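For the record, the sequence lines run as chains A and B. For the first sequence, full-length UniProt numbering gives the first residue as 1, with consecutive numbering after it. For the second sequence, full-length UniProt numbering gives the first residue as 1, with consecutive numbering after it. Even glycine gets a Cβ: it sits at the ideal position worked out from N, Cα and C. No experiment lies behind these values; they were computed from the predicted model shown. Input: a single structure, listed below in structure tokens.
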Amino acid sequence: MPGLIQSIERAAAVLRLLASGARKMGVGELATALDLPKGTVHGILRTLQHVGFVEQSPDTGKYQLGPALFHIGSSYLDGNELRTRALNWSDSLAGRSRESVRIGTLHEGQVLVVHHVFRPDNSSQVLEVGALLPAHASALGKVLLANDPVGELGEQPLARFTEATVTEPERLAEALEDVRRRGWAADLEELVEGEVSLAAPIRDRRTVTVGAIGVSGPVERLCDSAGEPRTDLVSYVREAARAISRELGAIPW
Amino acid sequence: MSQQYIAAIDQGTTSSRCIVFDHDGSIVSVAQKEHRQIFPKPGWVEHDAEEIWDNVLDVVHGALSKMSITVHDLVAVGITNQRETTVVWDRATGKPVHNAIVWQDTRTDQLVRELGGDAGQDRFRELCGLPLATYFAGPKARWLLDHVPGLRERAEVGEVLFGTMDTWLIWKLTGRHVTDVTNASRTMLMNLATLDWDDTLLDAIGVPRAMLPEIRSSAEVYGTATGTLAGLPVASALGDQQAALFGQTCYSPGEGKCTYGTGSFLLLNTGDKPVKSVNGLLTTVGYKIGDEPATYALEGAIAVTGALVQWFRDKVGLIASAPEIETLARTVEDNGGCYFVPAFSGLFAPHWRSDARGVIAGLTGYIDKGHIARAVLEATAWQTREVVDAMNVDSGVELTTLKVDGGMTANNLLMQFLSDVLDVPVVRPIIAETTCLGAAYAAGLATGFWSDTETLRENWHKAAEWLPSMEERARGKGYRKWKKAVERSMDWIDEDDKED
């Protein structure tokens, strides 16, 4: 086998970072994330821009994936596509947990709800697809932030919603480290008093986190007597996330 | 004791699937495999029945292995299938004598017109509840008998067997030659009142009784599988739309659902009496559980809904996947005045016009790809509106809520627009896969896995709801334009088109 070409590996790493899709990125951010000199990254970006694989915003100078790349493969995952592929598993999760289910993606530092399954009790509920949630105060958001390649914390200062909202960046960074380690996130009354949410990451075949799926509901139903998230619900959420990831090709078995 | 499950096989138009359900009716495993669409001539659509059988075995084993269970963990398997698709095979060798003729196939166009004669399309409606159309299985069988050399003689002595896909699969699984009342009700050969093959219809359409399967209920153990699924009871069969009606737990008269797949089908439970349609709907059997009386339904069949999105993806190429049409459609505010009537193989309910072909109307220089994407989605909603209007008149009951299911219910833009043009709430149940669920429910009832239909009703929960928000004036104008576009699709096919 001939030797691997380092610059192509680096270009691929740049594309993978941009493909996380959360936001546009500048040369400096990319260089820091990849631990490469700025000049090297700049050269890679200019070449990728020349072939149409990335494009640069005229206002901010930041980069995002270019349209040519979207047409090469089916790796680009649209929110509507994610909903369609996740439909069966989000239904099953709502059925098993008896709570409402949401699927979210990162959109300019916030969580965009791309799918919502009602709590299965036939009560009157409103479809929340298209709503935005604060990333630092929701389980969906914490999962997405924790798995974001740059780990940017969104808009600062972090808004406070309840007594329990984590607003100090250092504490949030620690919480996200926990989320990464254990593979799921909880919001314990951090957005709405009395409301808890749990979430886990959805990954595609590049093992990039493309979304998060979770349940939400009152603390009395989602937590045990010690105030900890119920382990059965956590495992339902994680199983649903794994099933969707498998659907997207992340797990070969 | 380890947990037990029910499996459902959904032998569909484009793929075969197996879904495994637990006792709560939740999905625990899914496997799916597409089969080839064979287009020998314009308007002709065929499937290789042997390929389908291989795929069905693959998906059942695939669904089992995904969750690391074996056939012994299944209480039973139920079958639901694309309806009307017709296969004839050799009783001795088990080999099909011809590719299966798919429901969309229009090769029997001339034949059904001849069969209608002076009496026209509704010649057999009184007996079988159906208008003469290329859609139904009986004339497809007749076409095979007329065109495969020596087939009629062999059929008359029972050397070859007729079946819709349920019959083919049950025969391959168990060696029994049976069908269920719902599939039989789509042949034009069954009498709706007696639920048996009707000699008048058999003589008129020209299909010998010797090749026909025995008609059984939709939920009973037809037999036990042999081969790699040995020991598995095969305990239900329902046409896909009837299965969806059953899975949506529409067990009382007046309850109905619409399933959005390749085509779309609105079925309304009319109780234990068939209701005759005067507005282009079909009268059909909804289901029959064991020895209980049959439940009838009115059906509005729309040929092309999801298929239009697939066509837009595969033949136009502006989107890479079907769900992306929503993204493209949302790049514009409205349809820009553009309407798309997808009469690719004529129009089904409520028009039943085989001479119609597709049109895109209202084109101006302003229209871009986003508007066309909107028009593609809106076509599904407007076609539903036409069927709902007919259903309201025929049944004498105004629809107050539409229960929906099928893949297209993942499209929020479409579901909202549907609610807007119908001016009623649209609700999706927590299991969008109601077709498989219905087959599983019926198989579970037949084997005692579930005790009764009330237990099944308790599993039905609302997963999403869309409420109407369109102004009456916009709705009225849109519907008027749609109807004008439909008029423009008609009378396109000429006599000499059929000779090519």
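key: Collapsed DSSP secondary structure at B/PRO139 in the structure displayed   = Indexing the second sequence from 1 puts residue 139 of chain B at position 139. Helix.
request  = Pull out every residue of the stretch 20-38 of chain B whose Cβ sits closer than 8 Å to any Cβ of chain A, in chain order.
outcome  = ASP24, GLY25, SER26, ILE27, VAL28 and VAL30
query = Taking just the CA atoms, how far does A/ARG246 sit from A/TRP253?
reply = Locating residue 253 of chain A in the first sequence gives position 253, counting from the first residue. Locating residue 246 of chain A in the first sequence gives position 246, counting from the first residue. No answer about A/TRP253 holds up, because its pLDDT of 49 lies below 50 and its placement is not dependable.
task = Tell me where the beta strand (DSSP E) around B/VAL234 begins and ends.
result = Against the second sequence, residue 234 of chain B aligns to sequence position 234. Segment 233-239, the beta strand (DSSP E) holding B/VAL234.
key: Contact with chain B by A/LEU48, beta-carbon distance below 8 Å   = Within the first sequence, residue 48 of chain A is the residue found at index 48, counting from 1. With 8 Å as the cut-off, A/LEU48 does not count as an interface residue toward chain B.
B/ALA464: contacting residues in chain A (beta-carbon distance under 8 Å) = One-based indexing of the second sequence puts residue 464 of chain B at position 464. Residues of chain A passing the Cβ test: HIS116, VAL117, PHE118 and LEU127.
ask   = Which value, in whole angstroms, describes the spacing of the CA atoms of A/GLY183 and A/ASP148?
value = On the first sequence, position 183 is the one that residue 183 of chain A refers to. On the first sequence, position 148 is the one that residue 148 of chain A refers to. Cα to Cα, the separation comes out at about 13 Å.
key: Proximity of B/GLN11 and B/GLN110 at Cβ, strictly below 8 Å   = The residue you call residue 11 of chain B lines up with position 11 of the second sequence. The residue you call residue 110 of chain B lines up with position 110 of the second sequence. Cβ atoms of B/GLN11 and B/GLN110: not closer than 8 Å.
query = Do we get a CB-CB distance below 8 Å when we pair B/THR455 with the residues of chain A?
reply = Residue mapping note: residue 455 of chain B aligns to position 455 of the second sequence, counting from 1. Chain A contact via Cβ: absent.
query = Rounded to a whole number of angstroms, what is the C-alpha to C-alpha distance between A/SER75 and B/THR270?
reply = Reading the first sequence from its first residue, position 75 is the one you call residue 75 of chain A. Reading the second sequence from its first residue, position 270 is the one you call residue 270 of chain B. Note that A/SER75 scores a pLDDT of 43, beneath 50, so its modelled location is shaky and nothing firm can be said.
ask   = Distance, Cα to Cα, A/ARG230 vs B/PHE265?
value = Position 230 of the first sequence holds residue 230 of chain A. Position 265 of the second sequence holds residue 265 of chain B. Their Cα atoms are separated by approximately 42 Å.
query = Listing by chain order, which chain B residues have their CB less than 7 Å from the CB of A/LEU87?
reply = Against the first sequence, residue 87 of chain A aligns to sequence position 87. Those are ALA410 and ALA432, listed as they occur along chain B.
message = One question on the structure: do B/ILE170 and B/MET190 come within less than 8 Å of each other, judged by their Cβ atoms?
response = The residue given as residue 170 of chain B occupies position 170 in the second sequence. The residue given as residue 190 of chain B occupies position 190 in the second sequence. No, Cβ-Cβ distance for B/ILE170 and B/MET190 is not below 8 Å.
message = Rounded to the nearest angstrom, what separates A/LYS62 and A/MET25 at their Cα positions?
response = Here residue 62 of chain A is taken as the residue at index 62 of the first sequence, counted from 1. Here residue 25 of chain A is taken as the residue at index 25 of the first sequence, counted from 1. Looking at the two C-alpha atoms, the distance is approximately 5 Å.
task = With B/PHE417 as the anchor, note down where its alpha helix (DSSP H) starts and where it stops.
result = Here residue 417 of chain B refers to the residue found at position 417 when the second sequence is read from its first residue. Per DSSP, B/PHE417 belongs to the alpha helix (DSSP H) from 412-422.
inquiry  = Taking 8 Å as the threshold (beta carbon to beta carbon), is B/PRO293 in contact with chain A?
reply    = Position 293 of the second sequence holds residue 293 of chain B. So, not an interface residue.
task = Tell whether a beta-carbon distance below 8 Å holds between B/LYS289 and B/LEU173.
result = Numbered from 1 along the second sequence, position 289 holds the residue referred to as residue 289 of chain B. Numbered from 1 along the second sequence, position 173 holds the residue referred to as residue 173 of chain B. According to the sequence shown, residue 289 of chain B is Ile rather than Lys. Cβ distance not < 8 Å, so B/ILE289 and B/LEU173 don't count as in contact.
query = Cβ of B/ILE38 within 8 Å of Cβ of B/SER16?
reply = One-based indexing of the second sequence puts residue 38 of chain B at position 38. One-based indexing of the second sequence puts residue 16 of chain B at position 16. Taking 8 Å as the Cβ cut-off, B/ILE38 and B/SER16 do not qualify as a contacting pair.
task = Anything in chain B within Cβ reach of A/ARG96, meaning under 7 Å, just list it in chain order.
result = Here residue 96 of chain A is taken as the residue at index 96 of the first sequence, counted from 1. The contacting residues are SER26.
task = Identify every run of the beta strand (DSSP E) within the UniProt domain "HTH iclR-type" (5-67) of chain A, keeping only runs that are complete inside it and at least 3 residues long; order them along the chain.
result = 54-56 and 63-65
ask   = Looking at C-alpha atoms only, which residue of A/LEU30, A/LEU144 and A/SER20 is the closest neighbour of A/LEU198?
value = By 1-based counting over the first sequence, the position of residue 198 of chain A is 198. When each option's Cα is compared against that of A/LEU198, the closest is A/LEU144.
task = Give me the Cα-Cα distance between B/ALA237 and A/ASN88, rounded to the nearest whole angstrom.
result = Locating residue 237 of chain B in the second sequence gives position 237, counting from the first residue. Locating residue 88 of chain A in the first sequence gives position 88, counting from the first residue. For B/ALA237 and A/ASN88, the distance between alpha carbons rounds to 23 Å.
inquiry  = Excluding the 5 residues flanking A/ALA250 on each side, which residues of the same chain have their C-beta closer than 7 Å to its C-beta?
reply    = Walking along the first sequence from the start, residue 250 of chain A turns up at place 250. Result list for A/ALA250: ARG203, ASP204, ARG205 and THR207, in chain order.
query = Would a C-beta distance cut-off of 8 Å place B/VAL309 and B/VAL376 closer than the cut-off?
reply = The residue labelled residue 309 of chain B in the question sits at position 309 within the second sequence. The residue labelled residue 376 of chain B in the question sits at position 376 within the second sequence. In contact: B/VAL309 and B/VAL376 (Cβ atoms closer than 8 Å).
inquiry  = Under DSSP, the beta strand (DSSP E) around B/VAL45 begins and ends at which residues?
reply    = Position 45 of the second sequence, counted from the start, is the residue given in the question as residue 45 of chain B. Run containing B/VAL45: none; DSSP gives neither H nor E here.
inquiry  = Taking CB distances under 8 Å as the criterion, tell me whether B/SER16 reaches chain A.
reply    = For the purposes of this step, residue 16 of chain B is taken as residue 16 along the second sequence, with counting starting at 1. Cβ-Cβ to chain A under 8 Å: no for B/SER16.
task = In the DSSP assignment, find the unbroken beta strand (DSSP E) run with A/LYS142 in it and report its ends.
result = Counting from 1 along the first sequence, the entry for residue 142 of chain A is found at position 142. Where A/LYS142 is concerned, there is no enclosing beta strand (DSSP E), although the alpha helix (DSSP H) it sits in stretches over 139-146.
request  = Quick one: using the 10 Å Cβ neighbour count with 16 as the cut-off for buried, is A/ASN122 buried or exposed?
outcome  = To locate residue 122 of chain A, count along the first sequence from 1; it is residue 122. Result: exposed.
message = Between which two residues does the beta strand (DSSP E) holding B/LYS403 run?
response = What you label residue 403 of chain B is simply residue 403 of the second sequence in a count that begins at 1. Where B/LYS403 is concerned, the enclosing beta strand (DSSP E) stretches over 402-405.
inquiry  = Would you say A/VAL234 lies against chain B (beta-carbon separation less than 8 Å)?
reply    = Position 234 of the first sequence, counted from the first residue, corresponds to residue 234 of chain A. Not one chain B Cβ lies under 8 Å of A/VAL234.
query = What's the C-alpha gap between B/SER26 and B/VAL207?
reply = Sequence index remark: in the second sequence, residue 26 of chain B carries index 26 (1-based). Sequence index remark: in the second sequence, residue 207 of chain B carries index 207 (1-based). Cα to Cα, B/SER26 sits roughly 42 Å from B/VAL207.
Beta carbon proximity, A/ASP78 to chain B, threshold 8 Å = Within the first sequence, numbered from 1, the residue matching residue 78 of chain A stands at position 78. Closer than 8 Å: yes.
task = Find out if the Cβ-Cβ distance for the pair B/ALA439, B/ILE101 is shorter than 8 Å.
result = The residue labelled residue 439 of chain B in the question sits at position 439 within the second sequence. The residue labelled residue 101 of chain B in the question sits at position 101 within the second sequence. It is not a contact, given that the beta carbons lie outside the stated cut-off.
key: Pairwise C-alpha distance: A/THR47 and A/LEU30   = As a working note, residue 30 of chain A is residue 30 in the first sequence. As a working note, residue 47 of chain A is residue 47 in the first sequence. Each residue's alpha carbon lies about 15 Å from the other.
message = Just to check my reading of the structure: B/VAL424 and B/THR401 have Cβ atoms closer than 8 Å, yes? What is that Cβ distance to the nearest angstrom?
response = For the purposes of this step, residue 424 of chain B is taken as residue 424 along the second sequence, with counting starting at 1. For the purposes of this step, residue 401 of chain B is taken as residue 401 along the second sequence, with counting starting at 1. About 6 Å; that satisfies the 8 Å criterion.
ask   = Can you give the beta carbon distance from B/VAL77 to B/LEU232, rounded, assuming they're within the 8 Å contact cut?
value = If you number the second sequence from 1, residue 77 of chain B lands on position 77. If you number the second sequence from 1, residue 232 of chain B lands on position 232. B/VAL77 to B/LEU232, Cβ: 6 Å. Contact.
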